Every structure is written in structure tokens, then in C-alpha cells.
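Peer 1: Here it is, the structure, as C-alpha cells.
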Amino acid sequence: MLERELKTSSRTDFVDATGLVQAVVDELEITDGVVVVFNPHTTAAVTINEGADPDVVRDMSVALDRIVPWQDDYHHAEGNAAAHIKASMFGSSVTVIVQDGRLQLGTWQKIWFCEFDGPRRRRLWVRSLTSGE
Amino acid sequence: MLERELKTSSRTDFVDATGLVQAVVDELEITDGVVVVFNPHTTAAVTINEGADPDVVRDMSVALDRIVPWQDDYHHAEGNAAAHIKASMFGSSVTVIVQDGRLQLGTWQKIWFCEFDGPRRRRLWVRSLTSGE
Amino acid sequence: MLERELKTSSRTDFVDATGLVQAVVDELEITDGVVVVFNPHTTAAVTINEGADPDVVRDMSVALDRIVPWQDDYHHAEGNAAAHIKASMFGSSVTVIVQDGRLQLGTWQKIWFCEFDGPRRRRLWVRSLTSGE
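Protein chains in written order, with our numbering: chain A, 48 to 180; chain B, 48 to 180; chain C, 48 to 180.
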């Protein structure tokens, strides 16, 4: 497992982590297998979605704020209950196939680190699995 | 990794991909391990849910349209921002255990390809992992 | 693959399954790899989120009831359509890295079995993968 750091810039922020994960694949010299990209934080997530138009993640951020409003009848006293709920809706990890040393993603797909309670310094853990076919 | 094609029939459509994935397990002669079923599209997803009553995926489709309406204050100009958001809510892949050559699913579980911006021709990638126990 | 049983106590219930999964890691003597924690039920899910303050899962439960109300224009006749929809929003499995025989989770993270249509007896399947690095 390798750990990488990243920085988020706003309360909700989507950071393209594709290059960071590909660099780990390069460093571990994985030619064929799968990588698990795991986010160890409870108010953040990892997802795969479009990277070409920045409005896609902007729309996602606005929609999530409507679906899970910051202010509601929450009991968790830290003011970030909404961020915890979004984290579970998007999920703590993604699994990506590697072939010929390259992450296998669709034409428009990027791996996004999803910050729901930033800005903060965050970590991402990457573990490879190389058996099977 | 094997790629399979499938066709969706409407704007939102849930296609049972369980047979397709089991056929890949058969072809790769995996007796014991795990398969990662990965959707390479940004307006589609993969999920595991009930297959016995078709009303379950029908209700899911209607509920998602209410939670993430097609028309909203979206900036993404292609008219399918809602489909992108649903894709991240449901996730880009599922991981299923294989034992004695069979996908291990609960009694009512099926693997569903979730189309959120169809109808289209779509692809599904399947990768096995065979170490461990 | 090992199967474990657990009991849920209310209609919506979050049960901390971290100890149960660590016990499987111990029993299988996995020192290094990944575990897939799979829920074989269609009205339940598995997620990773905060375990320190019980209000976090309480808030999650209340928020999900607002996002996916129990009563709506559902066609599925069993009265638990909402539970099926929540199951797909949270996902059927989580993947966790293991190092030196320990589940690698962030400081505040726990593995939660999410009951959306209880109380019931439920099962959880755990499969390890040990190749790669």
C-alpha cells in the first residue's frame, strides 16, 4: 500500500486524482491487475466521473447540497453531518482495472477525490492486486 | 479483462447483467476468487439489487428522477447532468465473490447495468482476482 | 469466503461490523492484502463512516428517510421499495486494505452494516485477496 497526500481548496471540492493514482501504478510497476483507491476520511469520498467539462463536478456539488442540505435537524454537533452522509452516498473507495501498465478508464472517466468538508490536507491509499485475468 | 457489449432501451434502463458476468466467469474458468464488474461510462453505473420483481428497478428509476431531477440549475450544457450525478450515487463498479465457479449472490440479488442517459450501446469490463481465500 | 451472522434491532439500523471483519482477518491469518465485505441482501448495505459519535449514523438514517421516503408512488408491493433504493445508494460491499494483519481504516472510520428493512437476522460474506502490493 502506498499513501499519497493531496490538498483540497474549498468546503466542497472535487480533485482529479487520476494522475496521482497512475503515478502509483508506475512506481509499483504494476502491468496487469487492479488497484483499490481508498479514502481514509469520513467526510470525503472517491468517485469516477467525467473530467472533460468542469461543470459536471460543479453540478454534482450543487445537487448534493440540495439533496443533503448543510442545515437540517442533525444531532451530530460538529456541523458537518451533511458531509458524512454524502461520503456514504459516494463511497470510500473505487476499484480500477490496470492493463499494460495503464489505468483502464472510459474515454471521459477520471478518478475524483471528493472533499465534502474542506478545505483540508487529505490522504489517499492505493493498493494493487495482481492475480487472475 | 474481458469486454462485453450490451444495449439499453430507454433513457433510464436497468439491464440484468448477471448472466453476462456468469458467462465471463465460465469462459475464464474462474473457480474461486472475485470479479470486478466495471462500467466505463460516465452516465451509467452498476449496482446489485432485487431481480424477482421488476417493480423494484422501476421504483428505483422513478425515485432517482425525483431525487436528481432532469431539469435544474445545471451548468453542464449537454442536458444530462442528472445522469452524471446518478452515476456517482450508484457507483462505477461492483465486486462479486466467486466460489465453485458460480457468482455468489444473495437469493434475490442480480447484477444490474444502470443506464441513466440512453438508449445506447454500452460496454462492461470484467476482471477476475484469484488469490486469497 | 467466510460467512458471519448478525442481528439488527430496528427498521433502520447501523451495526458496527468492524470487529466481526477483523476477527475474520485474524481467523484467515491474512497479514497483507485486501478484504471484500459483501452484503447478500437487497434491503441492506455496507458502508464505511464515523464510529466515534453515534449521532452520525442516526443523522444518516433520518436524512435517508427524507431523501427516500417510505411512502411514495411505489409499485413494489412489499412496502419496502425505499429500502431497496437506499441499498443501491450505499452499495452492496466495501473493500478494505489489510496490512500487518490489521484492517487499514482512517482514525474515525468503522465498517457499518446498514439495515434498511429490519429488524432481521442478516449475513455478511468476507473474502480476502492477497496478491500484489
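All C-beta atoms, glycine included, are put in the ideal place defined by N, C-alpha and C. Keep in mind that this is a model prediction, so the values were computed, not measured.
Where do the N-terminal and C-terminal ends of the alpha helix (DSSP H) with glutamate 74 of chain B fall, by residue?
Peer 2: Position 27 of the second sequence, counting from 1, holds the residue named residue 74 of chain B. Counting along the chain, the alpha helix (DSSP H) containing glutamate 74 of chain B begins and ends at 65–74.
Peer 1: Beta carbons nearer than 9 Å to chain B: which residues of the segment 119–131 of chain C have them?
Peer 2: Cβ contacts with chain B come from Asp119, Asp120, Tyr121, His122, His123, Ala124, Glu125, Ala128, Ala129, His131.
Peer 1: Can you pull the chain C residues whose beta carbon is under 8 Å from the beta carbon of leucine 176 of chain B, in chain order?
Peer 2: For the purposes of this step, residue 176 of chain B is taken as residue 129 along the second sequence, with counting starting at 1. In chain order: Leu176, Ser178.
Peer 1: Can you round the beta-carbon distance between valine 143 of chain C and valine 84 of chain C to whole angstroms, since I take them to be within the 8 Å contact cut?
Peer 2: Within the third sequence, numbered from 1, the residue matching residue 143 of chain C stands at position 96. Within the third sequence, numbered from 1, the residue matching residue 84 of chain C stands at position 37. Confirmed, Cβ separation roughly 7 Å.
Peer 1: When you compare each of B:His123, B:Asp119, B:Ala92, B:Tyr121 to serine 108 of chain B by their alpha carbons, which one comes out closest?
Peer 2: The residue given as residue 108 of chain B occupies position 61 in the second sequence. Considering only alpha carbons, the answer is B:Ala92.
Peer 1: With a floor of 3 residues, list each beta strand (DSSP E) that falls wholly inside the segment 130–174 of chain A, ordered by position along the chain.
Peer 2: With a minimum length of 3 residues, the continuous beta strand (DSSP E) runs that stay inside the segment 130–174 of chain A are 140–146, 156–162.
Peer 1: Going by the beta-carbon positions, is the gap between leucine 171 of chain C and phenylalanine 160 of chain C smaller than 8 Å?
Peer 2: Here residue 171 of chain C corresponds to residue number 124 of the third sequence, with the count starting at 1. Here residue 160 of chain C corresponds to residue number 113 of the third sequence, with the count starting at 1. Against a cut-off of 8 Å, the Cβ pair of phenylalanine 160 of chain C and leucine 171 of chain C comes out as a contact.
Peer 1: Check the DSSP bridge columns for isoleucine 95 of chain A and list the partner residues they point to.
Peer 2: Within the first sequence, numbered from 1, the residue matching residue 95 of chain A stands at position 48. DSSP output for isoleucine 95 of chain A lists A:Ile158 as bridge partner(s).
Peer 1: For methionine 48 of chain C, which residues in chain A fall below 8 Å Cβ to Cβ?
Peer 2: For the purposes of this step, residue 48 of chain C is taken as residue 1 along the third sequence, with counting starting at 1. In chain order: nothing, as chain A lies at least about 16 Å away.
Peer 1: Within its chain, find whatever has a CB closer than 7 Å to the CB of threonine 89 of chain A; leave out the 5 residues flanking it on each side and keep chain order.
Peer 2: The count along the first sequence starts at 1 and reaches residue 89 of chain A at position 42. For threonine 89 of chain A, where only same-chain residues beyond five positions count, the Cβ hits under 7 Å are His131, Ala134.
Peer 1: To which residues of the same chain is leucine 75 of chain C closer than 6 Å at the C-beta, ignoring the five residues directly before and after it?
Peer 2: Locating residue 75 of chain C in the third sequence gives position 28, counting from the first residue. Correct list, in chain order: Ser175.
Peer 1: Do phenylalanine 137 of chain B and valine 104 of chain B have their C-beta atoms within less than 8 Å of each other?
Peer 2: The count along the second sequence starts at 1 and reaches residue 137 of chain B at position 90. The count along the second sequence starts at 1 and reaches residue 104 of chain B at position 57. Not closer than 8 Å, so no.
Peer 1: I'd like to know whether the C-beta atoms of serine 178 of chain C and serine 178 of chain B end up nearer to each other than 8 Å.
Peer 2: As a working note, residue 178 of chain C is residue 131 in the third sequence. As a working note, residue 178 of chain B is residue 131 in the second sequence. Yes, they are a contact pair.
Peer 1: Are the CB atoms of valine 129 of chain C and valine 115 of chain C nearer to each other than 8 Å?
Peer 2: To locate residue 129 of chain C, count along the third sequence from 1; it is residue 82. To locate residue 115 of chain C, count along the third sequence from 1; it is residue 68. According to the sequence shown, residue 129 of chain C is alanine rather than valine. Yes, the Cβ-Cβ distance between alanine 129 of chain C and valine 115 of chain C is below 8 Å.
Peer 1: To the nearest angstrom, how far is the alpha carbon of aspartate 79 of chain B from that of arginine 113 of chain A?
Peer 2: Along the second sequence, read from residue 1 onward, the residue named residue 79 of chain B stands at position 32. Along the first sequence, read from residue 1 onward, the residue named residue 113 of chain A stands at position 66. Taking the straight line joining both Cα atoms gives about 43 Å.
Peer 1: Could you tell me the alpha carbon to alpha carbon distance between glycine 153 of chain B and proline 87 of chain B, rounded to whole angstroms?
Peer 2: Here the question's residue 153 of chain B lines up with position 106 in the second sequence. Here the question's residue 87 of chain B lines up with position 40 in the second sequence. Roughly 25 Å between the two C-alpha positions.
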